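Asker: Shown below is the structure under consideration.
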């Protein structure tokens, strides 16, 4: 599954960059995040309760940061295990650029959902992923700039 | 967590009492606790219809209905309905038309057909196909099942004319 | 003499004197209990101390198993054992599934539970046994397997590329089997042809979705070291042999029992890793172990089939004679060849069967069977026929279109004539006797072809686009040992039947071929009743028990009627002879003066009943003292039959499909389907009709609905019954079936198989009908399943 | 496939349900018909601690006329809607849609309210509720509030219902003689999730449509009204040109979403096909 998109955030590039590297911010922004800890500068572990429609699955996952270019771009590898429910894994590339009144975050993501979730959820998996991304950026923006709640949704293609 | 819950219901005309885990669905209760063999499990997601049973006179998916929900209700399976003679004509028609092969879908198919005959006595061949389209049969190709149900519907109509 | 009769085929002479049941639409008396909820399927059986096993299966297409953590699971209440591949391997040998007559075929050793690596999503890795299924599933959630994902081979198109990783490095490449066939002068024929048509065909992966999932109960008695396995299976003796070989048991100590089977279709004729694992657990734990696949694991662990891409060409003259066919078939079978029948047979069949009905002499075929990290594929109803037939019949239609000939007329001109037999097909397959011409004549009448074409033309003017599609087909049935035996697979081609007169005069028949719903027990009762001479109500059929029935191959390759039925006939005839001899001894009459009629011995001269079977049973069993000292006769006889005249006895038939395509939505409505089937002597028209119909609907499933969809990393995306679309009643057409009867001379009965031809022809007929409907728009769809999406694409609407 | 263990309470009153919900939060799940929930539990894709069976709550049952509205209780089953004379008279599109929902055995248990609060984008009822301009009546510990159907479905599987609220039922404006409707659904097999569907309702005076509701389902993350197409058609005499314009508008305004076998492009195409068919059918009435 591919998930690409752009999101405008009403905060400066340095602020957004700090946010993306601040597990406190991420913890609040990642939908269903129950715990998050930094293992090393490149590795973050988190427990996330994935909720979509009737489905509830608790994922234990890790994020690996690489190809970091300060305040510009980075690559994220992530994998999460939801036990019997399945797992999610993928790679994402995030780039920040200055934009009128804030920052444009563009990302390209390759993800796959395995196990039962993938076997059953096929019908709505990409829609669910899109929703999670949208929810993340909504909350992320709020965290960075509580005043600028109004997000001009760049949409997720 | 999850103490067993006492339940009481009428199954095939007999009052039964049991203590069960809330998570037990009705077909597991009928099969594992009561030893019935008519309702089958084909998918446990409500797609195949092999688990069809009657609760308070209506067909339901026995795999999407908890045994505790049936507390105080009347449950009928193909065994009980056979004993009552409620399915005799249908069963004879299914035999005559060879409207079954492996038989795994038959109990669900018969119960679905019986409700159709009761509720849509004027059903056309197309309407019969639509009604039983919630019951999966990999063997027959459905044609003979539709024939068998139409036999009963037509016989009924002749009588009422 | 057999008299020709155009619509009914040949009106056959009776097989027995006083024939009352053979050839009649006799209901399956033994099936009544199934309609009353009184069947006995494996999951209906419960035993004291029985454990329930569930399997932790690989969640990914290819992985290295690093470590398995099972302590938490073991500590749950009710949990009896957690077993991994290493422990299982101490009692169960690995296997490699190849056949020696498929030259160069290779595969890798496979274990009951994966060790080190798992090679497809769904491969069993860890077994969890508990006192109840729910407890086992509770524990399953606590199993933690540390795994490292390995690169997966997903697309068969790139499986052989140098850049593609090897699934089994020791094999040197990802190629399981390859075959080239070159008959006649194909290049010269194509060079000389007036008309050449070609296309590339795609076939999606299917799976069988038997309504009753795969299931078994294994029970090992440590006292006498006997293993009893209750199994939902088609080939009990094959499984007996495999269990004793993989676990080092004596054949005599393995007992396989198949009670009612809730559908099989080839899904239940293979030996699965979890079959062995469940048996292994029964041995390790010394208690009965029940395994019932749930629907989600069925989708990733039942065999799949039919993932093929075929490039095909046909050459013809402007007069309308087919000169040659050429195909290149690429198919992928998963990471292992399936045990013990192997996964190369399907592709091999495609090579054998393309062009089958036609009289061309030039044919070239190339086959590549490759490994990939998806669920293993193997023989599934129709084995290769649906692919070969779809390719052949679509090419035939393309040629007819270019020649501007009616597709039915074109077929009538090119099929092997009914008076040309015995002969060989271009691929070298041997035909005893077929009836293509008569079948085509019959279907033309059945469907009122001319009127139907007129209706199609009229509606087209109103903007309603309907199509008519044909499929002429051949089907391989009644196999000899050429199928498996010669390749070293211990799967019997012969089958046996035992007939016994019981003291009351009832006849019991024990047969090696079992019942999975086709009605085999029904036709055996018909044959026995006629051949022994008793009312069918006085016949009992016993199948599916290796301790009771004669040794046999079971149900596969449409052999139940032709092989099993012939064995029953021979045994029943022998029993009647013995009954007559005993009657002669009792009555002190020459047996030549006596005959059997309906459970009575009749005096030929007077026609009087002189001795009932019950009396023969009484004296034969309880008063042998009243018989002459030197007289001896058995009231129980066993006979075996193996078809040895041909590698296979081919059948033939033709199907037609009438569809309407909604140009705005791309949706296809199946309006009607016709089938003419020649399975030799029809033992029970009602049963054959329903076999044909069921098989046709299974074929339609593949043509329009069914496909196992995988993502780029080899994960199944629709492995559930809401998203893998099996055919349901509402979309299926009424199906008219007619019979032509051209019996095989290789048996007295003259019966050929009937179970798979429907599946063979339906996808071709439906695809051709859709493309006929689309003809005015000069577009075609050759990718199955043919979805509305693909049709809208073809029409340029999206 | 056996569900993980959970506790079970058969609730006797709405206050009891609300209390339980606030006590247990997301560890508790309400069960009405259970036709989606129990399948999910069987597959262990959800493991609530507590199941609150609300099927005995009479307040949530019944179909009746209350003032200017047709009241459809949250616990009314699909079958009851399919067969209800009142619905046939005052919200006929619901009777037309009901047979498309799965199969009879499921319709006998599945409920109107259950379908609405799940907000499955492929489900019939959310789209229908918008098309008939229904109002959701929801109750929480703070009391009762009303939400227009058009404001209720906010995102994929997400509604305006607060976690501590329960849907009591819906109020549907009574259809009058001028109402015309067309329910269109394309599913690969009868009863399957739709490939695309449309619930269309309008008032018709001669050739002129007004108060148009063209609500599509199974094409996006929520049921979606073709607002521009609606306003194009509103108060205009419907003719071939107008239909063509409406079709173009609907295709342009609705951002479709692919599913497992159908591309977004195919769904956009089908949006137009369904709207054209609906308009022609309603025009012919």
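Protein chains in written order, with our numbering: chain A, 11 to 167; chain B, 263 to 423; chain C, 5 to 802; chain D, 962 to 1246.
Ideal Cβ positions, reconstructed from N, Cα and C, are used throughout, including at glycine.
Here the structure is a predicted model, which means the values were calculated and not measured.
(1) Starting from residue 762 of chain C, trace the alpha helix (DSSP H) in both directions and tell me its first and last residue.
(2) Listed in chain order, which residues of the segment 134-151 of chain A have Cβ atoms closer than 9 Å to some Cβ of chain D?
(3) Could you check what DSSP says for residue 55 of chain C in three-state terms: helix, strand or coil?
(4) Which residue comes first and which comes last in the beta strand (DSSP E) that contains residue 313 of chain C?
(5) Only counting the same chain, and skipping five residues up and downstream in sequence, which positions put a Cβ closer than 6 Å to that of residue 1299 of chain D?
(6) Return yes when the Cβ of residue 398 of chain C is within less than 8 Å of the Cβ of residue 79 of chain C, no when it is not.
(7) Among C:210, C:291, C:751, C:586, which one has its Cα closest to the Cα of residue 809 of chain C?
(8) What's the C-alpha gap between residue 95 of chain A and residue 49 of chain A?
(9) Just to make sure I have the definition right: I need the residues of chain B whose C-beta is within less than 9 Å of the C-beta of residue 1248 of chain D. Which are they?
(10) Residue 684 of chain C bridges to which residues according to DSSP?
(11) Measuring alpha carbon to alpha carbon, tell me which residue in D:1153, D:1097, D:1105 is nearest residue 1133 of chain D.
(12) Quick one: residues in its chain with C-beta nearer than 7 Å to the C-beta of residue 36 of chain A, no 5 flanking neighbours on either side, listed in chain order?
(13) To which residues does DSSP link residue 28 of chain A through a beta bridge?
(14) Thinking C-beta only, is residue 393 of chain B closer than 8 Å to residue 1150 of chain D?
(15) When you compare only the Cα positions, how much space is there between residue 1162 of chain D and residue 273 of chain C?
(16) Where does residue 234 of chain C land, buried or exposed, given buried means 16+ other C-beta within 10 angstroms?
(17) Report the rounded CA-to-CA distance for residue 784 of chain C versus residue 401 of chain C, giving the unit in angstroms.
(18) Could you round the C-beta distance between residue 310 of chain C and residue 390 of chain C to whole angstroms and report it? I think they count as a contact, below 8 Å.
(19) Does chain C have any CB closer than 8 Å to the CB of residue 1007 of chain D?
(20) Whole beta strand (DSSP E) runs in the segment 987-1068 of chain D with 3 or more residues, listed along the chain?
(21) Along the chain, where does the alpha helix (DSSP H) containing residue 395 of chain C start, and where does it finish?
(22) Against chain D, which members of the segment 714-745 of chain C pass a CB distance test of less than 9 Å?
(23) Residue 287 of chain C: which of C:596, C:655, C:342, C:228 sits nearest, CA to CA?
(24) I'd like the span of the beta strand (DSSP E) that includes residue 74 of chain A, first residue to last.
(25) Can you pull the chain A residues whose beta carbon is under 8 Å from the beta carbon of residue 303 of chain C, in chain order?
(26) Using a C-beta to C-beta distance shorter than 8 Å, which residues of chain A count as neighbours of residue 63 of chain C?
(27) Given 8 Å as the limit, is there contact between the segment 170-182 of chain C and the segment 366-377 of chain C, that is, 3 or more CB pairs closer than that?
(28) Taking all protein chains shown into account, decide if residue 7 of chain C is buried (16 or more other Cβ within 10 angstroms of its Cβ) or exposed.
(29) What runs of the beta strand (DSSP E), each 3 residues or longer, lie entirely inside the segment 504-552 of chain C?
(30) Tell me where the alpha helix (DSSP H) around residue 1079 of chain D begins and ends.
(31) Comparing C-alpha positions only, which one of A:80, A:64, A:97, A:12 sits nearest to residue 29 of chain A?
(32) Quick one: which chain C residues come within Cβ less than 8 Å of residue 132 of chain A?
(33) Please name the residue, chosen from C:759, C:252, C:640, C:326, that lies closest to residue 501 of chain C on a Cα-to-Cα basis.
(34) Which residues in chain C sit within 8 Å of residue 11 of chain A, going by Cβ to Cβ distance?
(35) Mind checking the segment 1049-1077 of chain D against chain C and listing, in chain order, the residues whose C-beta falls within less than 8 Å of any C-beta there?
(36) Between the segment 498-516 of chain C and the segment 469-476 of chain C, do at least 3 Cβ pairs fall closer than 8 Å?
Answerer: Quick look at the numbers:
(1) Boundaries of the alpha helix (DSSP H) around residue 762 of chain C: 761-777.
(2) Listed by position along the chain: 134, 135, 136, 137, 138, 140, 141, 144, 145.
(3) For residue 55 of chain C, the three-state secondary structure derived from DSSP is strand.
(4) For residue 313 of chain C, the enclosing beta strand (DSSP E) covers residues 312-320.
(5) A query on residue 1299 of chain D cannot be resolved here, the shown segment of chain D reaching from 962 to 1246 and no further.
(6) Against a cut-off of 8 Å, the Cβ pair of residue 398 of chain C and residue 79 of chain C comes out as no contact.
(7) A question about residue 809 of chain C goes unanswered here, because the residues of chain C that appear run from 5 up to 802.
(8) Going from the Cα of residue 95 of chain A to the Cα of residue 49 of chain A covers about 25 Å.
(9) A question about residue 1248 of chain D goes unanswered here, because the residues of chain D that appear run from 962 up to 1246.
(10) In the DSSP output, where bridge partners are listed per residue, residue 684 of chain C has C:755.
(11) Of the candidates D:1153, D:1097, D:1105, the one whose C-alpha sits nearest the C-alpha of residue 1133 of chain D is D:1097.
(12) Excluding residues up to 5 positions away in sequence, 46 lie with their Cβ nearer than 7 Å to the Cβ of residue 36 of chain A in the same chain.
(13) Within the DSSP bridge table, the entry for residue 28 of chain A names no partner.
(14) In terms of Cβ geometry, residue 1150 of chain D and residue 393 of chain B do not form a close pair [threshold 8 Å].
(15) Take the alpha-carbon of residue 1162 of chain D and the one of residue 273 of chain C: they are about 54 Å apart.
(16) Counting the other CB atoms within 10 Å of its CB gives residue 234 of chain C a total of 16 or more, which places it among the buried residues.
(17) For residue 784 of chain C and residue 401 of chain C, the distance between alpha carbons rounds to 11 Å.
(18) With 8 Å as the limit, residue 310 of chain C and residue 390 of chain C qualify as a contact, their Cβ atoms being about 7 Å apart.
(19) For residue 1007 of chain D, the answer is no, since every Cβ of chain C falls outside 8 Å of its Cβ.
(20) Listed in chain order, the complete beta strand (DSSP E) runs (minimum 3 residues) inside the segment 987-1068 of chain D are 989-992, 1011-1014, 1024-1027, 1030-1034.
(21) 389-407 is the span of the alpha helix (DSSP H), which, as asked, contains residue 395 of chain C.
(22) From the segment 714-745 of chain C, only 721, 722, 724, 726, 727, 729, 730, 731, 732, 733, 734, 735 have a Cβ closer than 9 Å to chain D.
(23) The shortest CA-to-CA distance from residue 287 of chain C to any of C:596, C:655, C:342, C:228 is the one to C:228.
(24) Residues 65-79.
(25) Per Cβ cutoff of 8 Å: 129.
(26) Under a criterion of Cβ atoms nearer than 8 Å, the residues of chain A adjacent to residue 63 of chain C are, in order, 96, 97, 124, 125.
(27) The segment 170-182 of chain C vs the segment 366-377 of chain C: in contact.
(28) For residue 7 of chain C, the pLDDT reaches just 40, beneath the cut-off of 50, and the residue's location in the model is therefore unreliable, leaving the point undetermined.
(29) Whole beta strand (DSSP E) segments, 3+ residues: 511-515, 543-547.
(30) Run containing residue 1079 of chain D: 1073-1079, per the alpha helix (DSSP H) assignment.
(31) With distances taken between Cα atoms, residue 29 of chain A lies closest to A:80.
(32) The answer, in chain order, is 713, 721, 722, 727.
(33) With distances taken between Cα atoms, residue 501 of chain C lies closest to C:640.
(34) Going along chain C in sequence order, the residues near residue 11 of chain A (Cβ under 8 Å) are 715.
(35) Along the segment 1049-1077 of chain D, none of the residues has a CB nearer than 8 Å to a CB of chain C.
(36) With a cut-off of 8 Å on Cβ pairs, the segment 498-516 of chain C is not in contact with the segment 469-476 of chain C, counting fewer than three such pairs.
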